[in-house]
Structures are given as C-alpha cells and as structure tokens.
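Numbering (the numbering used here), first residue to last: 3 to 338. For each residue, glycine too, the CB sits at the ideal point set by N, CA and C.
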Amino acid sequence: MDIRKLTDNLSVAPQIFAHELETVQLAGFKSLICNRPDGEGNDQPNFSELEAAAAARGMAMRYLPAVSRKVTDAEGAQFGALLAELPSPVLAFCRTGMRSTTMWALSQAGQQPLPDILARATQAGYDLKGVVRRLVHGGKTPVDTADATHEVVIVGGGSAGIAAAASLLARSPGLDIAIIEPADTHDYQPGWTLVGAGVFDAPSTARSMASVLPQGVHWIKAAVAALEPEHNAVVLEGCRVVKYKQLIVCPMAGGAGADAKYDGYGSCPLTVERGKIVLAEGTDGGKLAPRFPQWLIDGTQPSALAWYLKERVLPPLYGQAMLKGREWLARPEMVG
Ligand SMILES: Cc1cc2nc3c(=O)[nH]c(=O)nc-3n(C[C@H](O)[C@H](O)[C@H](O)COP(=O)(O)OP(=O)(O)OC[C@H]3O[C@@H](n4cnc5c(N)ncnc54)[C@H](O)[C@@H]3O)c2cc1C
C-alpha cells in the first residue's frame, strides 16, 4: 500500500483492498473516499464490498467516482463537502491517487494559495499542471474565453459524429465544423461480428481517424471533460475551452433530448452459422423494420444473402456512403 499525505486531514492512495483496511485503520485513518468507478479495472473490488468491510471496522466510507482525466468542477466541490463531513483523517483513493488529489486541489482552490496546493501535490508525487488553469479560477473552468470557436462542434468521431459532419457538409459545403475525438483510429464496429466469426481480422476493421474524417473538418484530438451548454462551450481535458453555435453530441450509441431524429439504417445481424446470418433490422425502439422485401430477405430467418450483404456489401457502403454523407438509407426529419 502506497499512502501519500497531502495534509494532516487527508492522504491519498492507489486502489485499496479489503485486506488492507486493518493497516489503514492502524495508520489512524477514520474514513475513506473511493474515487474509482466500480468496474473500471478487473483487479478492483466493488465499492459495496469495501464499504461493508470498512463499516465492520467502524470506518465511514463514501463513493464519489470520477472518470480518469475527466474530474469535473462539481466533483471537486463534492469532494470538499465530503472532507468537511467525514471524520478525519481521511484516506481517498482511485487507481493511482491522481483523481483524489485533483479533486482535493479543486476543493481547495481559492481557499489556500495556489503554490501551496501545487507544492503539496508535487510532494506527494502528483503533477497537477493539467488543472492549474481551473485552480487559478477558484476550482472552476473559465468558459468566458475560448481557445477555439467553430460554427458546429461535434463530440465524438464514431459512426454518428462522422456521418453527421459529412451530411452537414454535403448540404453546406465549407461549413466550419470541428470534431472532438481523442482516438487515433475509427472502428467499423459492425465488422467485429465477423471478426468473432473468423471472417475478418480485427485490424482490418480499424481505419486511422485522419483518413475517415471528412475533408475540411477540424479535428480536435482530445476528450471532452464537460459540457457547458449555457455558455455554448465544451471543456476539454486539460481545461481547453471550445465554443460553438451548434453542438452535436455523439460520444457513443444512443442519446436523448435531440430535436431531430435520424431514421437511418439499423440492423443487428446475428451470426447463427457460418455462411448464414439473420439480418434483424429495426428502429431505435427495437421494433422490426425490414428494408428489404420479405420475398428477398426474411429478416427473421438466417440467409446466405444476408451473410453476403454483411460480408461484402455493407462494409463498403458504410465507408463510401454513410461516412461520406450520402443519405441513401436515411430519412432525417424534424420532430417536436
Ligand atoms: C460488435 C458490434 C456489432 C455491431 N453490428 C451492427 C450492425 O450490424 N448494424 C448496425 O446498424 N449497427 C451495429 N452495431 C452498432 C453500431 O456499431 C453502433 O450503433 C455505432 O457504431 C454507434 O455509433 P456512435 O457514433 O454513436 O458511437 P461510436 O461509434 O461508439 O463512437 C463514439 C465516439 O465518441 C468518442 N468519445 C467517447 N467519449 C468522448 C469524449 N468524452 N469526448 C470526445 N469523444 C468521445 C469515442 O472515442 C468514439 O470514437 C454493432 C456494434 C458492435 C459493438
């Protein structure tokens, strides 16, 4: 166990395990804060297990999970509130102790001099340069000044983000669009089904991000840490601020709250045997919505034609049509 002291009331550590709680208690700690989300790593006990083990020793424990490198201002404030509430000294932990240290620093911004905060973190072995700007502003990311501004900002360069950018450019060539996407590669996820079936190899389903981004789109290679819709701004990891007129958020499949719906191709081909697939086409709500006439492909039965589509037709259609903004299989319409 690698416990590092930040103040007399707070120390931080990498992941704690139930069998270490005795040592933690003997070291004088009265309470714990877990800043690591359950299920982040396969080496990690769940919060509830640790909480029960801590309770059996009469120690208080709280769960304030944060995503690695995306600690928010609000989480910093909540951490401060927990420190005020819990019996001290407190031991906070995450995977390495960095998130706990960041939250502490955010909670202290404006309360103690910045050099003191940074010095304590450095002494404990944590480099806070990524959040200095927030610390200078009292634990809050300043969103009044932008590091970049674009007409349209799209969060996520997956299928949805790239197709949306390409569709917009097809309608308005020259539109100022930025895609914020941290990954180097873009995956053709539907191809993974056939990786599992041994037909494609995994590397063939990945393309470099630069090669699939539509021409003219600005690529901001970073992850979004926070959305600030009231300021028309997103905050990136490392606290850079990007402003926009229109925001499209697609960091993964699904999403609610949009005022337009995209009734595009939606299918989940089920590989039931080599050479045959069930082409289960449906809408977002899971309703069957076959696009092919039943006499050609019965979407409820395995067929060799569906396999052929999946293996030969849909991959190029994805790359050459969908990601290029051709809405051959789509009917965007306004709702609400
Ligand atoms: C095995 C498998 C088989 C599938 N088969 C089919 C099929 O046959 N037919 C079909 O229609 N669909 C299929 N799907 C579903 C389809 O792949 C998804 O619906 C589609 O990829 C979702 O696109 P998306 O852009 O919403 O999300 P993704 O393609 O997952 O893209 C999200 C992007 O957002 C980025 N991101 C995440 N967080 C942030 C952040 N904080 N800041 C910036 N960027 C961020 C990610 O890096 C990622 O690049 C399949 C999926 C899988 C996994």
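- For the set Ser102, Gly127 and Val133, the Cα lying nearest the Cα of Leu116 is the one of Val133.
- Secondary-structure assignment with DSSP links Lys245 through a beta bridge to Thr151 and Ala235.
- The closest CA to that of Ala212, considering only Asp189, Asp203 and Leu196, is found on Asp189.
- If you check the CB distance, Ala126 and Asn37 do not come in under 8 Å.
- Look at Trp106 here: in three-state DSSP terms it is helix.
- Annotated three-state conformation of Ile164 is helix, per DSSP.
- In this structure, the alpha-carbon of Val226 lies about 4 Å from that of Leu238.
- Val243 is a Cβ neighbour of Val145, given a cutoff of 8 Å.
- The beta carbon of Val201 sits closer than 7 Å to the beta carbons of Glu313 from its chain, once the five residues preceding and following it are set aside; these are given in chain order.
- Where Tyr190 is concerned, there is no enclosing alpha helix (DSSP H), because DSSP gives it neither an H nor an E.
- Look at Gly284 here: in three-state DSSP terms it is strand.
- Distance from the CA of Arg64 to the CA of His21, rounded to the nearest whole angstrom, comes to 18 Å.
- In the assembly as shown, Ala83 is an exposed residue. Its beta-carbon has fewer than 16 other beta-carbons within 10 Å.
- With contact defined as three or more Cβ pairs closer than 8 Å, the region 313-325 and the region 183-197 are in contact.
- Counting only runs that start and end inside the region 3-82, the alpha helix (DSSP H) elements of at least 4 residues fall at 23-28 and 49-58.
- In the DSSP assignment, Arg209 is bridged to His188.
- For Pro91, no alpha helix (DSSP H) run applies, since DSSP gives it neither H nor E.
- A direct Cα-to-Cα measurement between Thr143 and Thr104 gives close to 13 Å.
- Apart from sequence neighbours up to five positions away, the residues of its chain that approach Asp178 with a beta-carbon distance below 6 Å are His152 and Glu153, ordered along the chain.
- Burial check for Gln110: the Cβ neighbour count within 10 Å reaches 16 or more, so the residue is buried.
- Ligand 1 has a heavy atom closer than 7 Å to the beta-carbon of Pro192.
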